[in-house]
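Chains as they are written, first to last, in the numbering used here: chain A, 1 to 474; chain B, 475 to 780.
Glycine included, each C-beta is placed from N, C-alpha and C at the ideal position.
On a predicted model such as this, the values are computed, not experimentally measured, just so you know.
Here is the structure we will look at, set down as structure tokens.
Put into structure tokens, the structure is as follows:
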């Protein structure tokens, strides 16, 4: 028997197919036979995202970093935006993640409480890392419970894009930093009286999402600790009602937008030229830069009762808590965030660099057909300008879901604003008041019985199937 | 070696790869999820606490206050309603599949081409189909509202309307399922109907409808039973792809199904793997109950026709 196996094996090896198989196996194994120097290198993985130009720049940055740190090898992996959270969750749960990871600002309150990303403050203190060059609002967005969990890569907030041709047609003054909500409403109402070149009614404004309007009008969601949910607070109700009125009472916005305020398949988009004003961020600039049919510019978000309070948007780099090389990851992070490297990536206007020296320097010096100063002032904050983020709490995604679902119903005019906010408040309060369940003897006995029932039902069904199979066929 | 033992060992050796795969990727996750359903397991949280039936009480229980009785998790019942509502498409798609199978059972030139064309939607990428239907349902430029406009009918905002979002998904589901595997099963079943029964019916002067009602339909009972059972199982578990790609469960949760709710619980918000597992096991009990009920009613019906 053994002789037969040996003979058969030899035959396989010496046959043509066997030789091909052997060659293929050698080729596949060859790359893993690295040199001793390669084996001693510390491998860091950078998870990042961006357009092709940004990625190319980041890869070059990593090559330059490797030249300065010959004992470190950096592997750059691109993570698509939409599936980022699930990818991070599953990878970190499995114990495998990038060492330096790009996070959306809203993800910090998901990952920081679970100690999945490192607090960078010890590194910052140890190296006396200067945070003074960063926009304070950018740093604030990545803080949680006293810690600094990311360094911002870029950041921005919402501004008002306006169609100059439509403003000229309606004989309106262009928006400026003195504009308040009444000025905005007056202009929007006048713009909706116009018709575009296809005879369709012009849309006064696309308002984007509710948060900036809610805060600017004096409303609040909740505090960071979620000890007080303010959904049905009279000021919040009034603020939400203003947002609702944009669509249903004053008719200056379209009705088929979802609560997030955007519909990528809609015909009513700023680029088409039938929208007077559009609230958005710098991420719209690449698309708007291609507009040839009309001229446009940027103005600050209209100030409400509580001034100008807009939502922050941006990305930052953090370090995975279980990285094998925390110091090396910190060196890479610092290098990526250095002024020189940010300047190399500061091309185009998709987002504002997180360093003031870069934003006001190389980035602002680029040729632009719009008011760059407005963009920079919007993220700088100060005075009545406040850049905000949602409550920093790991339970906030659940609470916000109740708010968004109720507001969807209100915006679709299925229920009133008051009813929607009361409903959201009730659900949020019930959610937070859930008691911690303490199992008793009943639970243990019940689970034991359920497990036995499952086990015996599987045995019973398989025996029944066996019996049926063995029954003579008539 | 004993020849009988050798035969058994050979058989188990062939079954081993599949068996190991089944145990690792099916049985083990099922057992783990059963265990997690009794814990407060949260993604990325290091400590897991045993909480007995806590998840099931939070899911299925009710509490009483001054305003009356309220469900602990009213979302679950709403999403269960959505799931059952979307299963309205099952009898419609079965009828459509049967109709197509009857049409394709004819001896016509080029019938193979028609069978291929009708089966094409089933082999197309699901994501691509959802994207195309999303454009078709567009309120302004979608082809459906454009055609309705020609007939002087104001089409609704399909996917952004709470009233029309579910019917829109049902229509899409029927389109996809009608020409799929159900049609193939019916086609095979139709081929199995003895010609002698049709000849006997012709002799008795039966009309086309009478032949279908009294000859074809009873002969299709086993196929119908199988398709209905599998469709019910699929219906309870389905709806995730449509919700994830087309509507994100909205507007206002009106297209969120139990499957999508499990995903949201486990991978969004609080990342509650324990609670998501509990929902999955409740879904399993529902599917098991529906299947047993279907089995009991279906088998007795089959026997009537046998």
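1. Which residue from A:429, A:274 and A:414 puts its Cα closest to that of residue 231 of chain A?
2. Applying the 10 Å Cβ sphere with the 16-neighbour rule, what's the burial state of residue 551 of chain B?
3. Taking the alpha-carbon positions, what's the residue 248 of chain A to residue 605 of chain B distance?
4. When the distance is taken between beta carbons, is residue 405 of chain A closer than 8 Å to residue 635 of chain B?
5. Which residues mark the beginning and the end of the alpha helix (DSSP H) in which residue 646 of chain B is found?
6. Quick one: residues in its chain with C-beta nearer than 8 Å to the C-beta of residue 229 of chain A, no 5 flanking neighbours on either side, listed in chain order?
7. With DSSP as the reference, please indicate the residues paired to residue 612 of chain B in a beta bridge.
8. What residues from chain B crowd round residue 446 of chain A, counting only those whose CB sits closer than 9 Å?
9. At which residues does the beta strand (DSSP E) containing residue 824 of chain B begin and terminate?
10. Looking at residue 545 of chain B and residue 559 of chain B, is the spacing between their C-beta atoms short of 8 Å?
11. Hey, quick one: how far does the alpha helix (DSSP H) through residue 63 of chain A stretch, first residue to last?
12. Mind pulling the alpha helix (DSSP H) runs of 4 or more residues that sit fully within the stretch 326 to 406 of chain A?
13. With a threshold of 8 Å, are at least 3 pairs of Cβ atoms found where one atom belongs to the stretch 672 to 680 of chain B and the other to the stretch 583 to 602 of chain B?
14. In the DSSP output, which residue or residues are listed as bridge partners for residue 312 of chain A?
15. Quick check on residue 86 of chain A - is its C-beta less than 8 Å from some C-beta in chain E?
16. So with Cβ pairs under 8 Å, would you call residue 517 of chain B a contact of chain A?
17. Nearest chain A C-beta to residue 726 of chain B closer than 8 Å, yes or no?
18. Could you pull the start and end residues of the beta strand (DSSP E) that residue 280 of chain A belongs to?
19. What distance in whole Å lies between the Cβ atoms of residue 161 of chain A and residue 250 of chain A, which are believed to be in contact at a cut-off of 8 Å?
20. Quick one: is residue 412 of chain A near chain B, going by C-beta distance under 8 Å?
21. Which residues of chain B have a Cβ atom closer than 9 Å to the Cβ of residue 92 of chain A, listed in chain order?
22. Can you say whether residue 288 of chain A is buried or exposed, counting buried as having 16 or more other CB atoms within 10 angstroms of its CB?
23. Using the C-alpha atoms, what's the distance from residue 613 of chain B back to residue 201 of chain A?
24. How would you list, in chain order, the residues of chain B whose beta-carbon sits under 9 Å from the beta-carbon of residue 391 of chain A?
25. Rounded to the nearest angstrom, what separates residue 669 of chain B and residue 618 of chain B at their Cα positions?
26. Run the CB neighbour count on residue 488 of chain B, radius 10 Å, all protein chains shown included, and call it buried at 16 or more, exposed below.
27. With 16 other CB atoms within 10 Å as the buried threshold, where does residue 276 of chain A fall?
28. Would you say residue 261 of chain A faces chain B, with C-beta separation under 8 Å as the test?
29. How about the stretch 60 to 69 of chain A and the stretch 292 to 310 of chain A: do they share at least three Cβ pairs that are nearer than 8 Å?
30. Taking only beta-carbon positions, decide if residue 671 of chain B is within less than 8 Å of chain A.
31. Using the Cα positions of residue 191 of chain A and residue 274 of chain A, report the straight-line distance between them to the nearest angstrom.
32. Quick one: which residues of the stretch 398 to 423 of chain A get their C-beta closer than 7 Å to a C-beta of chain B? List them in chain order.
33. Would residue 293 of chain A count as contacting chain B if we go by Cβ distances under 8 Å?
34. Mapping DSSP to helix, strand and coil, what is residue 549 of chain B?
35. Give, in chain order, every residue of the stretch 635 to 653 of chain B whose Cβ lies closer than 8 Å to some Cβ of chain A.
36. So, for residue 353 of chain A: in the same chain, excluding its five sequence neighbours on each side, which residues have a beta-carbon less than 7 Å away from its beta-carbon?
Considering the structure as presented:
1. Numbered from 1 along the first chain, position 231 holds the residue referred to as residue 231 of chain A. When only C-alpha atoms are compared, the closest one is A:429.
2. Within the second chain, residue 551 of chain B is the residue found at index 77, counting from 1. With fewer than 16 other Cβ atoms within 10 Å, it is exposed.
3. As a working mapping, residue 248 of chain A is identified with position 248 in the first chain. As a working mapping, residue 605 of chain B is identified with position 131 in the second chain. Here the alpha carbons of residue 605 of chain B and residue 248 of chain A stand approximately 30 Å from one another.
4. Numbered from its first residue, the second chain carries residue 635 of chain B at position 161. Numbered from its first residue, the first chain carries residue 405 of chain A at position 405. No, the pair does not count as a contact, with Cβ atoms beyond the cut-off.
5. Within the second chain, numbered from 1, the residue matching residue 646 of chain B stands at position 172. Segment 639 to 652, the alpha helix (DSSP H) holding residue 646 of chain B.
6. Residue numbering aside, residue 229 of chain A sits at position 229 when the first chain is read from its first letter. These residues qualify, in order along the chain: 221, 222, 399, 425, 428, 429 and 432.
7. Taking the second chain and counting its residues from 1, the one referred to as residue 612 of chain B is at position 138. Answer is none; residue 612 of chain B lacks a bridge partner.
8. Counting from 1 along the first chain, the entry for residue 446 of chain A is found at position 446. Within 9 Å Cβ-Cβ: 526 and 527.
9. One cannot answer for residue 824 of chain B here, as it falls past the ends of chain B, which runs 475 to 780.
10. Taking the second chain and counting its residues from 1, the one referred to as residue 559 of chain B is at position 85. Taking the second chain and counting its residues from 1, the one referred to as residue 545 of chain B is at position 71. Their beta carbons are not under 8 Å apart, which means residue 559 of chain B does not touch residue 545 of chain B by this criterion.
11. Locating residue 63 of chain A in the first chain gives position 63, counting from the first residue. Per DSSP, residue 63 of chain A belongs to the alpha helix (DSSP H) from 52 to 68.
12. Within the stretch 326 to 406 of chain A, the complete alpha helix (DSSP H) segments of 4 residues or longer fall at 326 to 336, 339 to 345 and 372 to 380, listed in chain order.
13. no
14. Here residue 312 of chain A corresponds to residue number 312 of the first chain, with the count starting at 1. Residue 312 of chain A pairs with A:157.
15. Annotation note: the requested chain E is absent from the structure, which comprises protein chains A and B.
16. Against the second chain, residue 517 of chain B aligns to sequence position 43. Cβ-Cβ to chain A under 8 Å: yes for residue 517 of chain B.
17. Numbered from its first residue, the second chain carries residue 726 of chain B at position 252. At least one chain A Cβ lies under 8 Å of residue 726 of chain B.
18. Against the first chain, residue 280 of chain A aligns to sequence position 280. 275 to 280 is the extent of the beta strand (DSSP E) around residue 280 of chain A.
19. The sequence position of residue 250 of chain A within the first chain is 250, counting from 1. The sequence position of residue 161 of chain A within the first chain is 161, counting from 1. So it is not a contact: roughly 20 Å between Cβ atoms.
20. Numbered from its first residue, the first chain carries residue 412 of chain A at position 412. It does: the Cβ of residue 412 of chain A has a partner Cβ on chain B nearer than 8 Å.
21. As a first step, residue 92 of chain A must be located in the first chain, where it is residue number 92. The answer, in chain order, is 517 and 518.
22. As a working mapping, residue 288 of chain A is identified with position 288 in the first chain. Buried is the call here.
23. To locate residue 201 of chain A, count along the first chain from 1; it is residue 201. To locate residue 613 of chain B, count along the second chain from 1; it is residue 139. In this model, residue 201 of chain A and residue 613 of chain B are separated by some 16 Å (Cα to Cα).
24. The residue labelled residue 391 of chain A in the question sits at position 391 within the first chain. Here the premise fails: no neighbours, minimum Cβ distance about 14 Å.
25. Working through the second chain from its first residue, we reach residue 669 of chain B at position 195. Working through the second chain from its first residue, we reach residue 618 of chain B at position 144. In this structure, the CA atom of residue 669 of chain B is about 42 Å from the CA atom of residue 618 of chain B.
26. The residue you call residue 488 of chain B lines up with position 14 of the second chain. That one is exposed.
27. If you number the first chain from 1, residue 276 of chain A lands on position 276. Buried: at least 16 other Cβ atoms inside 10 Å.
28. The sequence position of residue 261 of chain A within the first chain is 261, counting from 1. Residue placement at residue 261 of chain A is poorly supported in this model, since its pLDDT is 49, which falls under 50; the coordinates still yield a value, given next. At a cut-off of 8 Å between beta carbons, residue 261 of chain A makes no contact with chain B.
29. Verdict: no, contact absent.
30. Taking the second chain and counting its residues from 1, the one referred to as residue 671 of chain B is at position 197. Residue 671 of chain B does not count as touching chain A.
31. Here residue 191 of chain A refers to the residue found at position 191 when the first chain is read from its first residue. Here residue 274 of chain A refers to the residue found at position 274 when the first chain is read from its first residue. Rounded to whole angstroms, residue 191 of chain A to residue 274 of chain A spans 10 Å at the Cα level.
32. For the stretch 398 to 423 of chain A, the residues whose beta carbon sits under 7 Å from a beta carbon of chain B are, in order, 398, 401, 405, 408, 409, 412 and 414.
33. Translated into positions along the first chain, residue 293 of chain A becomes position 293. Output row for residue 293 of chain A: interface = no.
34. By one-based count along the second chain, residue 549 of chain B stands at place 75. Residue state, collapsed to three classes: helix.
35. 635 and 636
36. For the purposes of this step, residue 353 of chain A is taken as the residue at position 353 of the first chain. Only 154, 342, 346, 359 and 363 meet the Cβ criterion.
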